[in-house]
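A.B. asks: Have a look at this one before I ask anything.
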Amino acid sequence: MGIPNDILHARLAFLSHFPPEQRSTAANSLLEAVRAGCSEPHQVVGYALEKAARRTWNEAAHTLRLLAELDPEALLAGARWALWWESLPLRERQRLKAERSETAIERWMAGQPPTEKQLRYLHNLGYRGPTPANRLEASKLIDGFMKGWKDATR
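When you line the sequence shown up against this note's numbering, it's residues 18 to 171, in that order.
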């Protein structure tokens, strides 16, 4: 089971208003409301805004307060995501987090050149094919050698 599209869009509609370094704080403000017992989107928003009003030093709280004025529907969408997320069993939340993390890491690795250490290791393993295009490709080749894949040698 992955994240349903409507929930995924709700999460993205909310988080898109925050710079990357504020997103976890913003999401946690909504999750905190659900964990405190809020069970309806408007309750979640009210609780989060009440807390944000007391956190004047916090940039994410400031953005949250602005969002209530500029795009309240995005804030409610984030609340719907938080309610859905907290309704999942712990193991499912952990699985989804791991899946998202793995995807993010692979996306990052695909944009980075292979390291010298990876290239030396491939050479020591006997790889004589073309230089891998990025860290992800090099990592997959190394995994292939470690698992004994015949096509890893190219």
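In this text, a Cβ means the ideal position worked out from N, Cα and C, and glycines have one as well.
Roughly how many angstroms separate the alpha carbons of Pro36 and Ala27, rounded to a whole number?
C.D. replies: If I take the Cα positions, the gap works out to 17 Å.
A.B. asks: Are the segment 116-129 and the segment 69-78 touching by the rule of at least three beta carbon pairs closer than 8 Å?
C.D. replies: Verdict: no, contact absent.
A.B. asks: Am I right that Glu6 and Leu48 are in contact with their C-beta atoms under 8 Å? What's the rounded C-beta distance?
C.D. replies: In the structure displayed, the chain extends from 18 to 171; residue 6 sits before or after that span and is not available.
A.B. asks: Starting from the C-beta of Pro149, find all residues in its chain whose C-beta is less than 7 Å away, skip the five residues before and the five after it, and write them out in chain order.
C.D. replies: Pro131, Ala155 and Leu158.
A.B. asks: Return the CA-CA distance between Arg40 and Leu142, expressed in angstroms with no decimal places.
C.D. replies: Approximately 41 Å between the Cα atoms of the pair.
A.B. asks: Rank Lys164, Val62 and Lys68 by C-alpha distance to the C-alpha of Asp88 and give the top, closest one.
C.D. replies: Here the closest residue by C-alpha is Val62.
A.B. asks: My assumption, with CB atoms under 8 Å, is that Ser13 sits in contact with Ala69. Please give the rounded CB distance.
C.D. replies: The chain is shown from 18 up to 171; residue 13 falls before or after that span and cannot be answered.
A.B. asks: Within 10 angstroms of the Cβ of Trp98, are there 16 or more other Cβ atoms? Answer buried if so, exposed if not.
C.D. replies: The residue in question, Trp98, is buried, as its Cβ has 16 or more Cβ neighbours within 10 Å.
A.B. asks: Answer with buried or exposed for Gly95, where buried requires no fewer than 16 other C-beta atoms within 10 angstroms of its C-beta.
C.D. replies: When all chains shown are included, Gly95 counts as buried.
A.B. asks: Could you have a look at His34 and say whether DSSP puts it in helix, strand or coil?
C.D. replies: In the structure shown, His34 sits in coil (DSSP, three-state: anything other than H, G, I, E or B).
A.B. asks: Classify Thr170 as helix, strand or coil using the three-state DSSP reduction.
C.D. replies: Summary for Thr170: the model assigns pLDDT 49, below 50, so the residue's position carries little reliability, and this model does not support an answer.
A.B. asks: Count the other CB atoms within 10 Å of the CB of Gln43; is the residue buried (16 or more) or exposed (fewer)?
C.D. replies: Here the sequence assigns Ala to residue 43, which means Gln is not the residue at that position. Per the 10 Å Cβ criterion, buried.
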